[in-house]
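2 protein chains.
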Amino acid sequence: MNTFKEYIASQLNSKSPQMDDLIENCNTRQILKDEFLLRQGEQSRYIFFVEQGLLKQYSVDEKGKEHILMFAPEKWFVADRESLYFKRPSLYFIKALEDSRVVLLEESFINKIAEVDHSFLELNNRLLNNHILHLQNRINSLLSDSAEERYLSFVQTYPDILLRVPQAMVASYLGITPESLSRVRKDLAERNFHK
Amino acid sequence: MNTFKEYIASQLNSKSPQMDDLIENCNTRQILKDEFLLRQGEQSRYIFFVEQGLLKQYSVDEKGKEHILMFAPEKWFVADRESLYFKRPSLYFIKALEDSRVVLLEESFINKIAEVDHSFLELNNRLLNNHILHLQNRINSLLSDSAEERYLSFVQTYPDILLRVPQAMVASYLGITPESLSRVRKDLAERNFHK
């Protein structure tokens, strides 16, 4: 089990006993595969931290087609910051792909913990910057990378997810058809075989 | 002229004289059309705030093709946070599309000003969250929107930019060919004409 407390400890050089108390009192929730943590149109109240399991954040277009914004395996955060921070109805769904255990963090918790311990503010800032860089590079990849390059960078970002989700979901994340994903995988396999 | 000082004043309810001092002492730079503020491979040192003019942030792929991550007109911030915050060589270029006047903000400035005035920290947090929501929605749009929908949301994000940049750059931002952009514009014009 990757607990939130252990994760925070691994990210900070030192932390105060007050911070420990706050973290220990966080709400956690056990959810089943296919359960929703957020639905399109709802206002999001939480940032989710995945202790165990796997979540996906996605939108559904008017034709009913799913578009996957991100996967969140163990030790990842997922949130709809537009809805959470700016109090707007969410454009996205967040759903469990496996039975999962998640920590529910309110925005006010970030402020509370930052007051108790300034080093947490620095961590929060690092997490926000890290999130921005991932999103920025994903946009760049969607604009410029071939299907194969997108697939390879997916494998790098999510090394263990390929075995945990259906191929169609991987294709949806990459913005390519399941057929092109099969072609990419076949090409890569053949090239490795002939090496 | 949209000065950084006026912009900060418009975003905060109150601010201290010390904050005013810090802001007045920021470095500004006058740059010419086609001048670079950052090149691929360099380490970025600044967040840029545009007082006047227009910047673009883009990457160039191995075939020499440009991919536009964002435009930054007046009152916008632009930065490669990966390079700035995590001290890595930048994947991107930042270049002036018009003669421009920009404020150069070091990461340490944010910390300094936040120490003097906590309300700035809140503003910084809001800006980071706002940046995340824009990037998130752009990814969703690249995954799910038609060329026409992408164009319409571009017009909403950048109402006055259409007249300031060549069509080919708009197409590059949208991740479509210049030919499909022409088609989209023609279709929209015809539909408006027949309304």
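So the sequences go chain by chain: H and P. Position one of the first sequence corresponds to residue 847 (this note's numbering), numbered consecutively onward. Position one of the second sequence corresponds to residue 847 (this note's numbering), numbered consecutively onward. Using N, Cα and C, we set each Cβ at its ideal position, and we do this for glycine too. A quick note: this is a predicted structure, and the numbers were derived from the prediction, not measured.
Looking only at its own chain, which residues have a Cβ that is under 6 Å from the Cβ of E912/P, when we skip the five neighbours before and after it?
Result list for E912/P: Y904, V906 and S1018, in chain order.
Just to confirm the assignment: which complete beta strand (DSSP E) runs, minimum length 3, are found wholly within the region 865-928 of chain H?
Annotation note: the region 865-928 of chain H contains the following uninterrupted beta strand (DSSP E) runs of length 3 or greater, listed N- to C-terminal: 873-877, 882-884, 892-898, 901-906 and 912-918.
Kindly list the residues whose CB is nearer than 8 Å to the CB of S936/P, restricted to its own chain and excluding five residues on each side of it in sequence; keep chain order.
Counting only Cβ-Cβ distances below 8 Å, and skipping sequence neighbours, we find L884, R885, Q886, G887, E888, Q889, S890, D926, E928 and S929.
Beta carbon of K933/P nearer than 9 Å to that of L868/P
Contact flag unset, no.
Use the C-beta contact count for H977/H: other C-beta atoms within 10 angstroms, 16 or more gives buried, fewer gives exposed.
With 16 or more Cβ atoms within 10 Å of its Cβ, H977/H is classed as buried.
Chain H contact residues for S856/P, given Cβ-Cβ distances below 9 Å
Simply none; closest approach about 18 Å.
To which residues of the same chain is G899/H closer than 7 Å at the C-beta, ignoring the five residues directly before and after it?
Excluding its 5 nearest sequence neighbours in each direction, G899/H has C-beta neighbours in its own chain below 7 Å: A942, E944, D945, S946 and R947, listed in chain order.
Partner residues on chain H for R984/P, Cβ-Cβ distance less than 7 Å
Residues of chain H passing the Cβ test: I985.
Please name the residue, chosen from I854/H, N848/H and T849/H, that lies closest to L967/H on a Cα-to-Cα basis.
Measuring from the Cα of L967/H, the nearest candidate turns out to be I854/H.
Quick one: give me the first and last residue of the beta strand (DSSP E) that E952/H is part of.
Under the DSSP assignment, E952/H falls in the beta strand (DSSP E) whose first and last residues are S946 to E952.
Here's the rule I'm using: 16 or more other beta-carbon atoms within 10 Å means buried, otherwise exposed. How should F882/P be labelled?
The residue in question, F882/P, is exposed, as its Cβ has fewer than 16 Cβ neighbours within 10 Å.
From F939/H to A1035/P, what does the alpha carbon distance come to, in whole angstroms?
Those two C-alpha atoms are separated by around 35 Å.
From the beta carbon of E888/H, is the nearest beta carbon of chain P less than 9 Å away?
No - not a single Cβ of chain P is within 9 Å of the one on E888/H.
In its own chain, which residues sit with a C-beta less than 8 Å from the C-beta of S987/H, not counting the 5 before and 5 after it?
If we look at S987/H and ignore the five residues flanking it on each side, its Cβ neighbours are E995, R996 and S999.
I893/P vs L950/P beta-carbon contact at 9 Å:
Result yes, Cβ atoms of I893/P and L950/P sit closer than 9 Å.
Chain P contacts made by the region 903-921 of chain H, where a contact means CB separation under 8 Å
Taken in chain order, the members of the region 903-921 of chain H whose beta-carbon sits within less than 8 Å of a beta-carbon on chain P are S905, D907, K911, H913, I914 and L915.
Would you please verify whether the beta carbon of Y892/H is less than 9 Å from any beta carbon of chain P?
False, the Cβ-Cβ gap to chain P never drops below 9 Å.
Closer than 9 Å by beta-carbon distance: list the chain P residues that pair up with N975/H, in chain order.
Result: R927, E928, L930, Y931, F932 and L974.
Here's a check: name, in chain order, each residue in its chain whose Cβ is nearer than 6 Å to the Cβ of A918/P, leaving out the five neighbours to either side.
These residues qualify, in order along the chain: V896, L901 and V924.
To the nearest angstrom, how far is it from the Cα of E852/P to the Cα of N971/P?
Each residue's Cα considered, the two are about 19 Å apart.
Buried or exposed: which applies to R984/H, given that a residue is buried once 16 or more other Cβ atoms fall within 10 Å of its Cβ?
R984/H is buried by the Cβ-count criterion.
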